[in-house]
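Student:
Protein chains in written order, with our numbering: chain A, 72 to 372; chain B, 1425 to 1517.
#1: When you check each C-beta in the region 1498–1511 of chain B against every C-beta of chain A, which residues fall closer than 8 Å?
#2: If you draw a straight line from the alpha carbon of residue 313 of chain A to that of residue 224 of chain A, how long is it in whole angstroms?
#3: Quick check on the DSSP output: the alpha helix (DSSP H) that includes residue 218 of chain A runs from which residue to which?
#4: Who are the Cβ neighbours of residue 1517 of chain B in its own chain at under 7 Å, not counting the five residues just before and after it?
#5: Name, in chain order, the residues that DSSP records as bridge partners for residue 262 of chain A.
#6: To be precise: take each residue of the region 85–99 of chain A, compare its Cβ to all Cβ atoms of chain B, and keep it if any distance is under 8 Å. Which residues remain?
#7: To the nearest angstrom, how far is it from the Cα of residue 368 of chain A to the Cα of residue 362 of chain A?
#8: Within 10 Å of its beta-carbon, does residue 333 of chain A have 16 or more other beta-carbons around it, so buried, or fewer, so exposed?
#9: Ordered along the chain, which non-local residues of its own chain (more than five positions away) have a Cβ less than 7 Å from that of residue 242 of chain A?
#10: Check distances from the C-beta atoms of the region 202–231 of chain A to those of chain B and list, in chain order, the residues that come in under 8 Å.
#11: Should residue 1467 of chain B go down as buried or exposed, given a rule of 16 or more other Cβ atoms within 10 Å for buried?
#12: For residue 1449 of chain B, name the three-state secondary structure that DSSP assigns.
#13: Within 10 Å of its beta-carbon, does residue 102 of chain A have 16 or more other beta-carbons around it, so buried, or fewer, so exposed?
#14: Compute the distance between the beta-carbons of residue 197 of chain A and residue 247 of chain A, then report whether it is under 9 Å.
#15: Is it the case that the Cβ atoms of residue 1484 of chain B and residue 1462 of chain B are separated by a distance below 9 Å?
#16: Under three-state DSSP, which class holds residue 1497 of chain B?
#17: Do residue 318 of chain A and residue 339 of chain A have their C-beta atoms closer together than 9 Å?
#18: Excluding the 5 residues flanking residue 1515 of chain B on each side, which residues of the same chain have their C-beta closer than 6 Å to its C-beta?
#19: Mind checking who residue 281 of chain A pairs with in its DSSP beta bridge?
#20: Taking contact to mean at least 3 C-beta pairs separated by less than 8 Å, is the region 164–178 of chain A in contact with the region 1494–1507 of chain B?
#21: Counting only the same chain and skipping the five closest in sequence on each side, list residues whose C-beta sits under 7 Å from that of residue 154 of chain A.
#22: For the candidate residues A:117, A:129, A:118, A:283, whose alpha-carbon lies nearest to that of residue 88 of chain A?
#23: Closest to residue 113 of chain A by CA distance: which of A:100, A:123, A:136 is it?
#24: If I'm right that residue 252 of chain A touches residue 194 of chain A with Cβ under 8 Å, what's the distance once you round it to whole angstroms?
#25: Is it true that the region 287–302 of chain A meets the region 206–220 of chain A, where meeting means three or more beta-carbon pairs spaced less than 8 Å apart?
#26: Skipping 5 residues on each side, what residues in its chain have a beta carbon closer than 7 Å to that of residue 156 of chain A?
#27: Cβ of residue 1480 of chain B within 9 Å of Cβ of residue 98 of chain A?
#28: For the candidate residues B:1460, B:1487, B:1488, whose alpha-carbon lies nearest to that of residue 1432 of chain B?
#29: Roughly how far, in whole angstroms, is the beta-carbon of residue 297 of chain A from the beta-carbon of residue 341 of chain A, given that I think they are within contact range, below 8 Å?
#30: Enumerate in chain order the residues of its own chain whose CB-to-CB distance from residue 220 of chain A is below 7 Å, with the five nearest sequence positions on each side excluded.
#31: So that I know if they touch, is there some Cβ in chain A lying closer than 9 Å to that of residue 1465 of chain B?
#32: Which residue's Cα is closest to the Cα of residue 293 of chain A: A:279, A:281, A:282, A:308?
#33: Give a yes or no on whether the minimum CB-CB distance between residue 161 of chain A and chain B is below 9 Å.
#34: Short of 8 Å Cβ to Cβ, which residues in the region 1467–1482 of chain B face chain A?
#35: Assuming residue 206 of chain A and residue 278 of chain A make a contact with CB atoms under 8 Å, what is their CB distance in whole Å?
#36: Alpha carbon to alpha carbon, how far is residue 152 of chain A from residue 1449 of chain B?
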């Protein structure tokens, strides 16, 4: 930062009154709110306000003069000048069009434009507000009722329709920012994000699931319990099923637009016992015909 | 974003009595559509402007009212100018 005396344009010997006078003169010229169209004003105002914060305080000025502190960091920063809000598009209670009300009363094309603009301001529809809502995979298939907490502390109840896909946007009419006059509220636009699931994946309307089965279940077949997004069902595993065998649960997929449902496909994965089993080892070593089978026959060597 | 009176007072550094006086003068117009009045960012920025006018510029109460009135007209015209520019039809019509 430059020398604060230089910024305010006063001598180092200036009295407190002279300093205040110099500051007020500059501040009146440069206050950002009094200079809505002047982009430079804010930078300059920050500088003079910072200089005055330092020199206007008798104690700080003494320490500055004796070299104890420097002018670094003295710039007064603040966020949000009035001008940033007053000319914004957003509706606010301080808007005043009386400065050109007489223009609007005449009969030419310019007056018509002004009238239209004033009408549009008086009856402006509220803005749409956008939100993101993460949901679980199961909720995306089965549907759910969620409550969204908004930044202002209000809540929004969102009904997730079954079968929703990631990136889909739900529009809640009238739940956005309030409008002015006859203009209604905007809408809330809620983009759905789906958290990946550890078991399920989705392709189109169909759902895929990899399901571990035991050796006896694979070899002998049986009825086993399978999770679907809408609850558990019992599924028949045919005798002689293998790793990679895909079984279909009809109608257990995501609802589609035609009014039906996709399917759930269950891919089996045969799992040996976690702990080596002596009985199984004894059986396999005595299982002569088992050796005749080469599972790598079709793999190019 | 809407804040309540308590938060407004702490963020603007205003005292309660000053706030009431400023509202009576219509220097500040909080949202009173619900039972408890609420404030937004523009009210905070406006309160700071009023304090700058009073303390930095030495403007008295009568002066503050006049300045706010003129500023609001200035900003109203700027807004309309911007809308007209956006409409982009001022020359072609």
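Even for Gly, the Cβ is constructed at its ideal location relative to N, Cα and C. On a predicted model such as this, the values are computed, not experimentally measured, just so you know.
Tutor: Concretely, from the data shown:
#1: 1498, 1499, 1500, 1501, 1502, 1503, 1504, 1506, 1507, 1508, 1511
#2: 54 Å
#3: Segment 215–220 is the beta strand (DSSP E) holding residue 218 of chain A; no alpha helix (DSSP H) there.
#4: Caution is warranted here: a pLDDT of 44 is assigned to residue 1517 of chain B, below 50, making its placement in the model unreliable, and the coordinate value is therefore given only provisionally. The beta carbon of residue 1517 of chain B lies closer than 7 Å to none in the same chain, with the five residues before and after it left out.
#5: A:203, A:240
#6: 94, 95, 98, 99
#7: Cα to Cα, the separation comes out at about 13 Å.
#8: With at least 16 other beta carbons inside 10 angstroms of its own, residue 333 of chain A counts as buried.
#9: Once the five neighbours on either side are set aside, the close Cβ partners of residue 242 of chain A are 258, 260.
#10: 222, 223
#11: buried
#12: coil
#13: By the Cβ-count criterion, residue 102 of chain A is buried, with 16 or more other Cβ atoms from all chains shown falling within 10 Å of its own Cβ.
#14: yes
#15: no
#16: helix
#17: In this structure, the beta-carbon distance from residue 318 of chain A to residue 339 of chain A falls below 9 Å.
#18: The pLDDT assigned to residue 1515 of chain B is 45, lower than 50, so where the model puts this residue is not dependable, and the model offers no usable value.
#19: In DSSP, residue 281 of chain A forms a bridge with A:338.
#20: yes
#21: Scanning its chain for C-beta atoms nearer than 7 Å, with the 5 sequence neighbours on each side dropped, one finds around residue 154 of chain A the residues 103, 104, 107, in chain order.
#22: A:129
#23: Of the residues A:100, A:123, A:136, the one whose Cα lies closest to the Cα of residue 113 of chain A is A:100.
#24: 4 Å
#25: yes
#26: 163
#27: yes
#28: B:1460
#29: No, residue 297 of chain A and residue 341 of chain A are not in contact; Cβ-Cβ is about 16 Å, not under 8 Å.
#30: 226
#31: With 9 Å as the cut-off, residue 1465 of chain B counts as an interface residue toward chain A.
#32: A:308
#33: yes
#34: So the close ones are 1468, 1469, 1470, 1472, 1473, 1476, 1480, 1481, 1482.
#35: Contact doesn't hold; Cβ gap of about 16 Å is too wide.
#36: Each residue's Cα considered, the two are about 21 Å apart.
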